[in-house]
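K.L.:
In numbering that gives the first Met the number 0, the protein residues as written are 0 to 376.
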Amino acid sequence: MINFDVHAPETPYFIVDEALITKNLEILAQVKQRTGCKILLAQKGFAMYSLYPLINRYLDGTCSSGLHEAMLAHQYFRGENHVYSPAYDRRDFAQVLDICDHITFNSFAQWQQFGPLCGGKSVGLRINPELSTQQHEKPIYDPCAPNSRLGVTVANFRSDMLTGIDGLHFHTLCQQDADALEATMAAVEEKFGEHLHGIKWLNMGGGHHITRPGYDIDRLCGLINRIKSTYDVEVYLEPGEAVALNAGFLAAQVLDIVDNGVRTAILDTSAACHMPDVLEMPYRPHIIGSSHPGDMPNTYRLGGVSCLAGDIIGDYSFPKPLKIGDRLVFTDMAIYSMVKTNTFNGVALPALTILRTDGTIDTVKTFGYEDFKARLS
């Protein structure tokens, strides 16, 4: 269900429901209350900073994947500013030190290079427990896939180089439940358990679908409380998707319908430009009022507006024939889609809008030619 007039803004546009974001945040706040853990916003999954004042009332800070995300958090979010990168660039690191209070390294070599500069900062090291819990996912999304560059494996762990390191960090999950975290934590304890007693904090990363219906919150809280009491550590979670899960939509309209053996509706949006995970994952996003091919009388292939031959969103059926000008609403589009948009072909980026709790639609940003031009020279 949607609670807004899909015809109000010009398409394409992202719209985030403030009430649904709040509902997710209240669930995360319950986890904090039951465990005493700290929860950070992973900006790589959701970085709509116009909503940071709301999110800031519930969460303890942010985590960033590099300098620019850290700068965004420093400017718009109060609280702890954590950063982790597979490798830091020496040209950026002075700025990272200026604005971040927790800095996590991906290797002992990076710790050796930058550690002496980190006085006064809380320093962490990412570990790799080498347990893949995403057997059905593509390896591109699995940080524990064989030969992963992310995190220190037990074979490469240097017990003699831990002086000055306050915390350990692992990030292994992707849209998973607490059972996957429990299995991962068992692998962490098996391989790195002797070092957990000597640290101040443990960051369990993201990928926790805490706000998804049916997620086992009791199991999550029990695990966090056990780890806190066993090792006397501060526990961090850094979900991105869970903050905005099922809280955002992408509205588009039909520009043309062609039939070269398959009826194809060409939209003013694009999988390649506006929702690249549709091609990378791949996955088929849900459209309100649609079903799978053949379930309803009218089946169409939905194509994007770019010139990429494979800019195909998927095949869908509808109760009535589509016509030019019809508007379609894709669900669960607040997470990753917004942060991964691009202007390939000069395709305009969707406007960013918010459905406020009073029912009004607030268009907070629009994009045009200058945004495309500014990225080029």
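Even glycine gets a Cβ: it sits at the ideal position worked out from N, Cα and C.
Using the Cβ count rule (16 or more neighbours within 10 Å means buried), how would you classify CYS380?
P.N.:
The requested residue 380 is not part of the displayed model; the chain covers only 0 to 376.
K.L.:
Whose C-alpha, out of PRO128, ARG125, LEU96, is nearest the C-alpha of SER115?
P.N.:
Correcting the residue identity first, residue 115 is Pro in this sequence and not Ser. Looking at the Cα atoms, LEU96 is the closest of the given residues.
K.L.:
Sorted by chain position, which residues of the same chain lie with C-beta nearer than 6 angstroms to TRP110's C-beta, five sequence neighbours on each side aside?
P.N.:
Around TRP110: PHE104.
K.L.:
For the segment 36-85, which segments carrying the beta strand (DSSP E) assignment without a break, of at least 3 residues, lie completely within its bounds, in sequence order?
P.N.:
For the segment 36-85, whole beta strand (DSSP E) runs of length 3 or above, ordered along the chain, are 37-41, 60-63, 79-83.
K.L.:
Can you list, in chain order, the residues of its chain whose CB lies under 8 angstroms from that of MET332, leaving out five sequence neighbours each side?
P.N.:
So the qualifying residues of the chain are PHE13, GLY247, PHE248, LEU249, MET274, PRO284.
K.L.:
Under three-state DSSP, which class holds ALA93?
P.N.:
Correct three-state label for ALA93: helix.
K.L.:
Excluding the five sequence neighbours on either side, which residues of its own chain have a C-beta within less than 6 angstroms of the C-beta of ILE334, listed in chain order?
P.N.:
Counting only Cβ-Cβ distances below 6 angstroms, and skipping sequence neighbours, we find GLY44, PHE45, GLU240, ALA243.
K.L.:
Since ASP217 is in the alpha helix (DSSP H), which residue starts that stretch and which ends it?
P.N.:
216-230 is the span of the alpha helix (DSSP H), which, as asked, contains ASP217.
K.L.:
With contact counted as at least three CB pairs below 8 angstroms, one residue from each stretch, are the segment 202-214 and the segment 16-34 in contact?
P.N.:
Taking 8 angstroms as the limit for Cβ pairs, the verdict is that the segment 16-34 does touch the segment 202-214.
K.L.:
For the candidate residues LYS120, THR362, PHE92, whose alpha-carbon lies nearest to that of GLN112?
P.N.:
Of LYS120, THR362, PHE92, the residue nearest in Cα terms is PHE92.
K.L.:
What does TYR12 pair with, by DSSP beta-bridge criteria?
P.N.:
TYR12 pairs with ALA250, ALA350.
K.L.:
Give every residue of the same chain whose Cβ lies closer than 7 angstroms to the Cβ of ASN155, excluding the five residues on either side of it in the sequence, and list them in chain order.
P.N.:
For ASN155, where only same-chain residues beyond five positions count, there are no Cβ hits under 7 angstroms.
K.L.:
Can you give me the C-alpha to C-alpha distance between ALA186 and LEU201, rounded to a whole angstrom?
P.N.:
Between ALA186 and LEU201, the C-alpha separation is close to 14 angstroms.
K.L.:
Starting from TYR368, trace the beta strand (DSSP E) both ways and give me its first and last residue.
P.N.:
Looking at the DSSP string, TYR368 is not in any beta strand (DSSP E); the run it does join, the alpha helix (DSSP H), is 368-373.
K.L.:
In the structure shown, what three-state DSSP assignment does ARG355 receive?
P.N.:
Note: ARG355 maps to coil in three-state DSSP.
K.L.:
Taking C-alpha atoms, which residue in ARG89, TYR83, ASP88 lies nearest to HIS101?
P.N.:
Cα-wise, what sits closest to HIS101 is TYR83.
K.L.:
What residues in its chain sit with their C-beta under 8 angstroms from that of GLN42, if we drop five residues either side in the sequence?
P.N.:
Contacts found: THR61, CYS62, SER63, SER64, GLU68, LEU71, ALA72, GLY239, VAL338.
K.L.:
Would you identify the three-state DSSP class for GLU233, choosing helix, strand or coil?
P.N.:
DSSP places GLU233 in strand when its eight states are reduced to three.
K.L.:
Kindly indicate which three-state DSSP category ASP165 falls into: helix, strand or coil?
P.N.:
The answer is coil: DSSP assigns ASP165 none of H, G, I, E or B.
K.L.:
Could you round the C-beta distance between LEU53 and ILE20 to whole angstroms and report it? I think they count as a contact, below 8 angstroms.
P.N.:
LEU53 to ILE20, Cβ: 7 angstroms. Contact.
K.L.:
Give the range of the alpha helix (DSSP H) segment to which ASN146 is assigned.
P.N.:
Unbroken run through ASN146: none, as it is neither H nor E.
K.L.:
Pick out whichever of HIS81, TYR299, ASN297, LEU354 has its Cα sitting closest to the Cα of GLU17.
P.N.:
For the residues HIS81, TYR299, ASN297, LEU354, the minimum Cα distance to GLU17 belongs to LEU354.
K.L.:
Tell me the DSSP secondary structure of PHE450 in three-state form.
P.N.:
The chain is shown only over 0 to 376; residue 450 falls outside these bounds and no answer can be derived.
K.L.:
Answer with buried or exposed for HIS291, where buried requires no fewer than 16 other C-beta atoms within 10 angstroms of its C-beta.
P.N.:
With fewer than 16 other Cβ atoms within 10 Å, it is exposed.
K.L.:
Count Cβ pairs between the segment 292-305 and the segment 315-331 that sit closer than 8 angstroms; are there 3 or more?
P.N.:
As far as the Cβ criterion goes, the segment 292-305 touches the segment 315-331, which means the pair count is three or higher.
K.L.:
If we cut at 8 angstroms on Cβ distances, does LEU71 have a partner in chain B?
P.N.:
No chain B is part of this structure, which consists of one protein chain only.
K.L.:
For ASP51, which residues of its own chain have a beta-carbon under 7 angstroms away from its beta-carbon, when the five flanking residues on both sides are left out?
P.N.:
Rather than Asp, the amino acid found at residue 51 in this sequence is Tyr. These residues qualify, in order along the chain: TYR75, PHE76.
K.L.:
Who pairs with LEU201 in a beta bridge, going by DSSP?
P.N.:
Answer is LEU167, VAL234, bridged to LEU201.
K.L.:
Just tell me which of ASN146, GLU129, ASP159 has its CA closest to the CA of VAL153.
P.N.:
If we check each option's Cα against that of VAL153, GLU129 comes out closest.
K.L.:
Just to confirm before moving on: does the CB-CB distance between VAL261 and GLY324 stay below 8 angstroms?
P.N.:
No, they are not a contact pair.
K.L.:
By how many angstroms is the C-alpha of ILE164 removed from the C-alpha of GLY119?
P.N.:
About 12 angstroms.
K.L.:
Using a 10 Å radius around the Cβ and a threshold of 16 neighbouring Cβ atoms, would you call HIS6 buried or exposed?
P.N.:
Exposed, because fewer than 16 other Cβ atoms sit within 10 Å of the Cβ of HIS6.
K.L.:
Considering Cα atoms alone, identify which of SER121, ASP88, ASN127 is closest to GLU233.
P.N.:
It is SER121.
K.L.:
How is the alpha helix (DSSP H) around ALA264 delimited, first residue to last?
P.N.:
No alpha helix (DSSP H) contains ALA264, which is instead part of the beta strand (DSSP E) from 262-266.
K.L.:
Is the beta carbon of ALA264 sitting closer than 8 angstroms to the one on TYR299?
P.N.:
The answer is yes: Cβ separation under 8 angstroms.
K.L.:
Taking the Cβ atom as the reference point for each residue, do LEU180 and VAL151 lie within a distance shorter than 8 angstroms?
P.N.:
Not in contact: LEU180 and VAL151 (Cβ atoms no closer than 8 angstroms).
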